[in-house]
Amino acid sequence: MRLSPRVATLLAVAALPLALTACSSGSSSDQGAASSDKAAATKAKDPNASLPTGTQLKKALAPASAFPAGLTIEADGSSDTGDTLLSPSAKKSGKPDCTRLEGTSWIQVSGYKGGVSFAQNDYASKDKTQEVAQEIDTFQGTTAAAVMKSLQSVAAACATFTDTDTHAKVKVTGKSTAGLGDEAYTMTLTSGTWENGTTLIAARSGNSVVTVLSTAGSDNGAASAKKVTTTVLAALKKQA
């Protein structure tokens, strides 16, 4: 039991009061140093130490000026974890659900539900034909790197899949992307029945993973996705 050393000390004090008087100053100092060291060790081992909250991540999301003209924020598409950090979730095993690549929070196709903190929102045209969604998830330890590695395997696992809305065949291609954060990966979704494709970019900045989805523009959403991603990464760098 943890109390045993303390009990032994109390018994020694009763038997040797003079010895206690002579050494009390040194004992207090030693105990204080031990407590301080223990507190420092506990803080160092805290997996959430220095991780941003959802409130902080929300401030790093790209502003309206970073989105194409004609797109406005969706009232029901914004959410974040506030000042509370969530418990980390384990990776779900098995084949990825490829249909998640078609919606917001597509980071979940990696097998991870999300980070211990996150913030997201999305913008869309009035007729809902164009959309750009952004999300930031922050993870403990090396999980962010593991998420990126998992996402890079998705393009191969989901090379083709069936669209849930139109039941069309969708083709997925992926490639590593230089110049965005610590590492980045881009996936492009196309279909012979779609007027325009979708660009998905995942970029890691330290413990955070930025994920952007775009269908805006005539280039499968590539330019708008990159602009939003770049804007978010710059904001995260300022916060660090």
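If you use numbering that gives the first Met the number 0, the sequence shown closes out at 239, no skipped numbers anywhere. Idealized CB from N, CA, C, for every residue including glycine.
Count the other CB atoms within 10 Å of the CB of residue i; is the residue buried (16 or more) or exposed (fewer)?
i, result
"Glu-194", "exposed"
"Asp-79", "buried"
"Thr-187", "buried"
"Lys-90", "exposed"
"Ser-217", "exposed"
"Thr-159", "exposed"
"Ala-61", "buried"
"Thr-210", "buried"
I'd like to know if residue i contacts chain D, where contact means its C-beta is closer than 7 Å to some C-beta of that chain.
i, result
"Ala-63", "Here there is only one protein chain, and chain D is not present."
According to DSSP, is residue i helix, strand or coil?
i, result
"Ser-207", "strand"
"Leu-212", "strand"
"Glu-194", "coil"
"Thr-229", "helix"
"Lys-125", "coil"
"Thr-142", "helix"
"Thr-98", "helix"
"Leu-84", "coil"
"Leu-188", "strand"
"Gly-173", "strand"
"Thr-165", "coil"
How many Å lie between residue i and residue j at the Cα?
i, j, result
"Lys-44", "Met-147", "24 Å"
"Thr-172", "Thr-161", "15 Å"
"Ile-72", "Ala-59", "16 Å"
"Gln-238", "Thr-52", "11 Å"
"Lys-213", "Ala-132", "As written in the sequence, residue 213 is Ser, which differs from the Lys given in the question. Answer to the nearest angstrom: the Cα atoms are 7 Å apart."
"His-166", "Thr-192", "10 Å"
"Gln-151", "Asp-96", "14 Å"
"Ser-116", "Ser-77", "14 Å"
"Ser-204", "Thr-54", "17 Å"
"Leu-69", "Val-153", "The sequence as given places Gly at residue 69; Leu does not occur at that position. Roughly 32 Å separates the two Cα atoms."
"Thr-142", "Gly-196", "30 Å"
"Cys-157", "Glu-182", "21 Å"
"Lys-225", "Tyr-184", "11 Å"
"Val-231", "Ser-175", "19 Å"
"Ala-215", "Ala-233", "22 Å"
My guess is that residue i and residue j are in contact by the Cβ rule of under 8 Å, so how many angstroms apart are they, rounded?
i, j, result
"Pro-46", "Gly-113", "With 8 Å as the limit, Pro-46 and Gly-113 do not qualify as a contact, their Cβ atoms being about 16 Å apart."
"Ser-149", "Ser-109", "4 Å"
"Val-130", "Ala-123", "The sequence shown places Glu at residue 130, not Val. Confirmed, Cβ separation roughly 4 Å."
"Leu-56", "Asn-206", "Not quite, the Cβ-Cβ distance comes to about 11 Å (not below 8 Å), so this is no contact."
"Ala-202", "Gly-220", "With 8 Å as the limit, Ala-202 and Gly-220 do not qualify as a contact, their Cβ atoms being about 15 Å apart."
"Thr-189", "Lys-170", "5 Å"
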